[in-house]
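Peer 1: Quick one: the structure is below, questions incoming.
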Amino acid sequence: MTRRPTQGNLDPSARILEAAGAVQAGLPGGLPTAAYREALEVELSRGGVPLRAGVEVPIHYKGIRLAAHYRVDFVCFGALLVLVSPPGGWTGGTHWIPGCLDASGAIRALVLEFGGASLRWALVDRATRPRLVAESPA
């Protein structure tokens, strides 16, 4: 007998994607990115996903902390960065994500783009950077 996964035993990335799917289904396209970000925080919290919102990731140069920093939307499960991209935001690229992973010490980054015909996402793994681990179908 095959057990259907429940939210509690899903992979952390899958739990976040489940919450993101609920946001994509529940909000129309064309909203400000902040609306999708806020709705995602609601869904993640309801799902019991441990998170910190609006996290600044410091950048160091030769042991000195610079004033410049990355800002990520969420850090979930202590080591998974979640970034909400504006619609069409991937055209600017995600080339900076490996640097953000290095600076934060996080293992993976999940980039989400809401508001289109379907949810777009990409999962970048620190160990295999800059290669994508997975990406939503086009």
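Residue numbers (this note's numbering): 118 to 255. Heads up, the beta-carbon is just placed ideally off N, CA and C, and yes, glycines get one too.
1. Kindly indicate the opening and closing residues of the beta strand (DSSP E) around residue 190.
2. Residue 170 to residue 205, Cα distance in whole Å?
3. Can you tell me whether DSSP reads residue 146 as helix, strand or coil?
4. If you drop the 5 nearest sequence neighbours on each side, which residues of the same chain put their C-beta closer than 8 Å to that of residue 263?
5. Please classify residue 229 as buried or exposed, where buried requires at least 16 other C-beta atoms within 10 Å of its C-beta.
6. Please name the residue in 234, 227, 215 and 176 whose C-alpha comes closest to that of residue 135.
7. Quick one: grab the DSSP three-state call for residue 130.
8. What span of residues does the beta strand (DSSP E) with residue 175 cover, start to end?
Peer 2: To lay it out plainly:
1. 181-193
2. Those two C-alpha atoms are separated by around 23 Å.
3. Three-state result, residue 146: coil.
4. Any answer about residue 263 is impossible in this case: the structure gives the chain only from 118 up to 255.
5. buried
6. 227
7. If DSSP states are grouped into helix, strand and coil, residue 130 belongs with the helices.
8. Here the beta strand (DSSP E) through residue 175 covers 168-178.
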